[in-house]
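Worksheet: one structure, shown below.
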Amino acid sequence: MEKKLISLLLAVLMMFSALPITVFAAESEYPESEHPYEYGDYEWTYEGKPGTKSLSVTFSDKTEFNEYDDLIFYDQNGDCIGRAGNELAGKTVDFNASSLKISFNCWNSGSSYYGFKITNIRENNYEVDGTVIPEEDCKITEDRSTGTITFEPATTESDDGYISLSYSVLGSRTVKWVKRIVVKPGFNDTTYFGAFVNAEVLDFAEDFYFSGWDISDTAFYKNKSNWDNESLYLGNKLVILGENDKIKDGTKFICSEAIDYYKDIIIPDSVIYIGEYNNSKSIMCIRGSYAETWAKEKEIRCICVGDLKVKFKNCIISKGTPLSSAIEVYKLSSDYTWKQITEYSSSGYSSSKVGAQTVTISDGDASLEFIIALSNDKNEYINFKDQSLYEELIYCSVDKDEDGIISVAEMRAYDGDISLDDVKDISGLEYADSIGVIYNYNTEIYIEDYFVLQKYNDLTCLPAKVDKKFFVENGRLRFLGMRGNLYYDKNESKNCEVTDIMKIISSDESVAYYDGTNLNLVKSGEAVITVSIGSVSKNFTVHVKSTDFYNDLGNKSNQVPSLLAGAIVNNADGDVFQIENGNLKRINSNKNVLMSSFYPGRDENCMYSSTYYITSDNELWQSENKIGNGFKKITNPPKNHGFRGYGLALDYNGNCYNLLNYSLIAENVVDIEGCFYLTKSGEIYKCFDNLYDSNLKIVKCADNVKKIINADSDECNYIGNDEKTYSIQASYSSWVSSTEVVDHKVKDIDVYYVAYYLDDNDTLWCKMNNEKEEKLFDDVVSLKRNNLSEKGFITSNGDYYTLKSLLSHDEDWHYIAKIGEPTLTNVQKVSDNFYLNKNKELHIRKTVSEKIMTDVVDFQECMFGIYYDDYYVIFTRTDGSVWSYYPDKDEYPVKILDGNGDEHTHTFNHITVPSTCKVAGMEYDICSECGETFNEKTLPLAAHTWSEWTVVKEATTTAEGQEKRTCSVCDKVETRAIEKLKVIKDDKTGIEINYNNEYDSDTEIKVEEQFSGKSFQLINAEFGKVNSKIYDIATYKDGVKVQPNGEITVKVPLPDGFTTNKVFVCYVDSVSGKVTKIPCEVKDGYVIFKTNHFSEYAIVEQPANVKSVSVSDITLNYKKSATIKPTIKADEGAKYTVKYSSSNTKVATVDENGKVYAAKKGSATITCTVTDSNGNTVQDTCKVTVKYSFGQWLIKILLFGWIWY
C-alpha cells in the first residue's frame, strides 16, 4: 500500500513538472518584452477607458536594450509620438494619447539584454506636454516656473569629434510649457527646435550655429516684430537674409541657409563665420576679409573694394578705335558703388588688329584682364555690355567656332531660347534675326527695352480672328518668361501683362481691325499693323485673301454620304446637320458634303470646337461659318505629342492653310494627310503645332516622294520615286526619321511594331524584324484606319482581326506572326466600340456583345468630353431615319431625325433658367419634340447672397481687426477693417477697457477691489468654496458715472495663484442678491470678458476636486496576484494621489500601485484612499478572498501534511 501511494505521488509530481512555468507565474497586464528578448518585430496596444486624454507610463528600472534597438510609440490616430531606448529605465513618461501602440524592432539582441517592462499605466482626464529626453552628448535642465529649458554638453569629447545637441520628445509632438530656450557653449552640431512652439526667447551661445529652419516653428520665428524687413537676426547672427535687404554692419555670424542665391551681396568685414548651404552668385567684400576666403573656397565670384570693371561703349567696335573711345573703366569704392576712372594704364591693345585680343588695364595695385573684339567690313564681332548676357549666350552655344567671341553672323544664326536672369543690359541682342522664348526670372529690364528688339514677319491669311497672344508669341522675340507674361512697365512702375500695354493700330480697318482682344481680318486686301509699347513701335503687313477668289470649281462629286465623320448628317435634300450633346442642329442647307473632319476643330486654347467639312461645290465650312471656296481636302488628327491637332486645309491652287487661324503655311502643295503635306517637288513636311510654343514649326521629313499612302499625327507612310514604300516617324521636331519598309509599292499600310500592308490584289502581308515578307490573308476588304485607337482589318467573308491579335514574340523578343480566331465575325463595318454585321444589326462591343438596333444601314462612332475620351454612336436605318445612342447615358437609342428627312412642326415651351451671382441665367423657347431652341436671351447676373459679417481678426489697441462675409452661392468673400481699439486703463489694478465708439475720448476708469462683504458670501453660496477676486468697476465722464454705449471688452490681470482652466467671471448684484456667470477667456495672462454695464465683477477660481472612488471585490488563488483598478471621478484638472492598505496582511498584501498578492487562504479588506491637492479625501473598500485552486488542493490532500505547501 505504501509503495502504491509513493508511486502515485511521484506520478502527480512529474505531471506538474511537465507543465509550463507560466501556470504558476503571474501574467503581466501591461506590455513587456521577453527577458531577454530575441530578434524580431513586436507590437503591443494599450486602450484607455472612454474619457482618457493622456497616459502616464512607468518603465521598470531593469529596462535595457542593445544600442541599435528602441521602442516606437504611436497614438490612437497612428501618429508617431516618440521613440526611445535605454533612457526609459525607471522613468514615468506622459503620453498625450487615449490609447498607445508600442512597436519594438529588435535588430541586434543578445542574452544579456533584458528588454523592457511597463510596471504601471495611469489613465488621465487631462492633456499633457511631451517629455524631453536628452541623448548621449546632451544634458537638459528644466525650470517650469520660468518656462526655461537649458541644453548643455554632457561631455567635452566624443568619438567622432562632434558634440551634438540632440534630444527626443516623447508623448506628444509639442512641449508647450517652454517659453525660453537656452543653449550653452560647447555644441558643434545643431538640431530642430520645432517641438517648442511657444518659445519666445532664444538664448543661444555665440559658438552655437543653426539655420532658420531649425527654429521655424518657434514663437520667436513667427513673431513678425523680431524681423527687420524680410531679414531675421538673433543678436549678432544673421538667420535669414531678405532678397532686397543688406547685411547689417556688426553682424559676426551668418547662419546656415541664410542666403539664397542672391547676386552682389555685400558681406561686412565684421563677419567671422558663414554656415553651410549659403549660396550667392557673387559677393562684395573687403580684400583679405573672412568673406573673401569663404568665397574662394566655395568658388563664388568675389568682388573686392578696389577691383576694376570694364564697360564697352558700343557693341561693334571698329578697327582703328582708340581704347579710351572703346571702353569705360570703373572702380569699386569703399561704399560699394562703382565709380568711373579716366586715368589708368593698359597693355596688349592694338587698334589695328581685327578679331579678339586680350587687354590688361591697371590702376595702382588693381588690374583687370578682359577680351575685346574689333571689327571691319567683312568680320563683325559683338562686345556685350553685360557680362551675364555674354555668359548666357556662350552657355547656349551661340559661339559656334568656340573662339571666345560671338560674331554678328553667329548671333543671326541662333534661333534658340535664352535666359535673361540677372541681365541688366541687352545690348547686342539686336543682331539676332530670330530668338526663341526669353526667360526673365530675375531681370531688371523694362518691357519697352525688350520691345526694341522685336520684329514681326508679314502675315498671309484668309479672313479670320487672330488672338492677341499672336503679338507676344510670334516674332523675333517671344515673351514667355518664367513669370508667365509679366514684365516691368517703366510708365506704371509695376509688373504687367505684355498685351495689356500694347497698342495695336491698323492702317485700313476695313481690311483688318483690332478690338482689344483679336485682330479681325475682315476682307480681301492689305493693311499695315503697327504694334507699340511706350515710345517703341513695330510694323508688319497682313495680306488677307478673298474667300471667293476661285472661279473654276472643277468637277463636282455626286456622292452624298448620309453619315460623315465628326457627327455630320447630310440628307438627300441637302440639309446638313451636326449632333451636339445628343441634339440635332441644322448648320447648312442645299449642300452635299464630300468630307468632314473626324475630330472637331480646336480653338486657340486647344479646346474642341465645331467640325470642319467640305461640300461638293468645294466650299470649306466650320459648322455654320463659311471659311472659303476652292478647297479639296482637310485633315485634323487628334492632339498628340507636339501637335495640337488644329489640322490642315488644301485648296485647288496648292495652298496649304492652318485651320486654327487660316494662315498660309505653304504653297505648291499637292496632298495633305494628318500633320503632313507633300509638295510638287516631291518633299514631305510635318507641321509641329507645339503645345508649349505656339509658333508653328515646319520640319522637312523626306524628299523624292511620289505619293502619300496615309498619315496621322506622328507617322506618315509614302511611296518614293523609286517605287519603294517608306515610313516616317516624327513624334518631336528634334527627332525625325524616314525608313524603307518594303522594296516595292503597296496599296495600304500600317505599322504596328511590324509592317502590315495590302498589295493591289487585296492580300495582306507582314514584314517582321526587317526580315522576309509573310503572307497572312487573301481578300482583305481594308485596313481599319478611322482615326480611332484600335487597328485591324476585315476580310471579304466578314472576319475582323486586330493587328495586335496577330502579333507575338519569342523569348528573344523577335516578333512572330500568328493567326488565331477572329475578334469578330460576319462584320460589315467596325469601330473601337461598335460594329455593324452583314445582317444590318448594330452591336456595342463589350465583354459580351450587345445588340443595339436592327435594319441599320450605316453608323459613325463619335468622340466627346473634355479630353475627348468618351464616345457615342449615330446611325441610319433603312427607313432613312437617324438615331443616336450614348451607352453611358441613354437606356435606349434616340431618334433624332424622321425617315423622310423633314423636320416636324415645332411645339414650343418657354424656359427660364434664373441667374445666380456666379452664372448668368437665360430664357429660351424649346421644341418639346426635337429639342431645338429659339429666341435665346442671356439674363444679367443676380446679386450676391451675403452671410452676416463675422470677425476674422479681432481689433487690438495696436492693430486694426478684420471681418468678412461670404456669398453662399459663388463663395466670393468681402472684407472690411475694424478700427483699432481705444484703451482706458486703471494703473493700480492693471484692469483695462478696450472700446471703439462706446465712450467719449476723455472717459476715465475707477476700480475698487473688494476684500470682504456680502458679495463674497453670495459667491460662496452659489459655487461653494472657491477663490475669488471682486472688483467694483466704474467709468466717469466729467465726474459723472457713465455706462458704455454698447458692448466693450474688459481685460483683468489673472490673479496670482489662479490656474487658467477653472477660472470664470461673475456679475455680482449685491442689492438683489443675484450672481450671474458670464462668458470669458483666459489669454496672455488676462481674464477677458465683454459687457455693456459696469458694477461689481468677480474673477472666480473653482478648485478641481476629487469626487468619488470605487473598487471591486477580488477573488484570488493562493500565491497569485492582481492589480486593483479604481474608478475615480474628479473635476477636470484635479490632481490627486492614490494609497492602498490591507486589513490582514497575512492573507493579502497590497503595494503602492494597487497590486494585491494572495499570501494565505482567507479574506481581507483593501481600502483605497484618494486625496486631492485641496485636501479632500474619498475612500472605498473591496473584499479580497484567497482560496486554493484544484491543483493546490490535490497536492495538499496527497501530501497529508507531510510537506507543507
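To convert, note that position 255 of the sequence shown is 255 in this note's numbering; the numbers rise steadily by one, no gaps. Where is the CB? At the ideal position from N, CA and C, for every residue including glycine.
Contacting residues, own chain, Cβ-Cβ under 7 Å from residue i (five flanking each side not counted)
| i | result |
| --- | --- |
| residue 790 | 802 and 832 |
| residue 902 | Below a pLDDT of 50, predicted positions are generally treated as unreliable, and residue 902, at 46, falls in that range; the measurement from the model is reported next regardless. Result list for residue 902: empty, nothing under 7 Å. |
| residue 87 | 133 |
| residue 290 | 271 and 272 |
| residue 635 | 647, 648, 672, 673 and 674 |
Three-state secondary structure (DSSP) of residue i
| i | result |
| --- | --- |
| residue 535 | coil |
| residue 1164 | strand |
| residue 991 | coil |
| residue 177 | coil |
| residue 676 | strand |
| residue 976 | strand |
| residue 222 | helix |
| residue 1191 | helix |
| residue 500 | helix |
| residue 836 | strand |
| residue 394 | helix |
| residue 213 | helix |
| residue 761 | coil |
| residue 70 | strand |
| residue 1118 | coil |
| residue 472 | helix |
| residue 353 | coil |
Top-ranked residue by Cα proximity to residue i, from the options
| i | options | result |
| --- | --- | --- |
| residue 1079 | 1071, 1099, 1070 and 1072 | 1099 |
| residue 682 | 309, 1022 and 702 | 702 |
| residue 1034 | 1058, 1084, 1074 and 1092 | 1092 |
| residue 179 | 187, 74, 218 and 212 | 218 |
| residue 38 | 45, 65 and 47 | 65 |
| residue 430 | 423, 965 and 412 | 412 |
| residue 974 | 965, 982 and 981 | 965 |
| residue 1184 | 1021, 1167, 335 and 580 | 1167 |
| residue 525 | 538, 511, 517 and 537 | 511 |
| residue 234 | 244, 216 and 243 | 216 |
| residue 186 | 192, 162, 195 and 171 | 162 |
| residue 67 | 84, 54, 79 and 58 | 84 |
Neighbourhood of residue i by C-beta, 8 Å cutoff - its chain only, sequence neighbours within 5 removed
| i | result |
| --- | --- |
| residue 557 | Confidence at residue 557 is low in this model, with a pLDDT of 32, below 50, so its placement is unreliable and the value that follows should be read with caution. If we look at residue 557 and ignore the five residues flanking it on each side, its Cβ neighbours are 592, 594 and 616. |
| residue 350 | 357 |
| residue 533 | 447, 448, 451, 498, 501, 502 and 503 |
Other residues of its chain near residue i: CB distance less than 6 Å, five sequence neighbours each side excluded
| i | result |
| --- | --- |
| residue 204 | 183 |
| residue 405 | 356, 373 and 381 |
| residue 1189 | 1117 |
| residue 1051 | 992, 1086 and 1088 |
| residue 896 | 584, 882 and 884 |
| residue 794 | 781, 800 and 827 |
| residue 1031 | 1007, 1009 and 1097 |
Beta-bridge pairing of residue i - partner residues as DSSP gives them
| i | result |
| --- | --- |
| residue 47 | 99 |
| residue 720 | 705 |
| residue 845 | The partner list for residue 845 (beta bridge, DSSP) is empty, contrary to what the question assumes. |
Boundaries (first-last residue) of the beta strand (DSSP E) holding residue i
| i | result |
| --- | --- |
| residue 764 | 764–767 |
| residue 412 | Here residue 412 belongs to no beta strand (DSSP E); instead the alpha helix (DSSP H) covers 408–413. |
| residue 666 | 664–666 |
| residue 949 | First-last for residue 949: undefined, no H or E at that position. |
| residue 852 | 850–853 |
Delimiting residues of the alpha helix (DSSP H) encompassing residue i
| i | result |
| --- | --- |
| residue 293 | 290–298 |
| residue 1071 | Here residue 1071 belongs to no alpha helix (DSSP H), and DSSP marks it neither H nor E. |
| residue 1018 | 1014–1023 |
| residue 324 | 323–326 |
| residue 448 | 447–451 |
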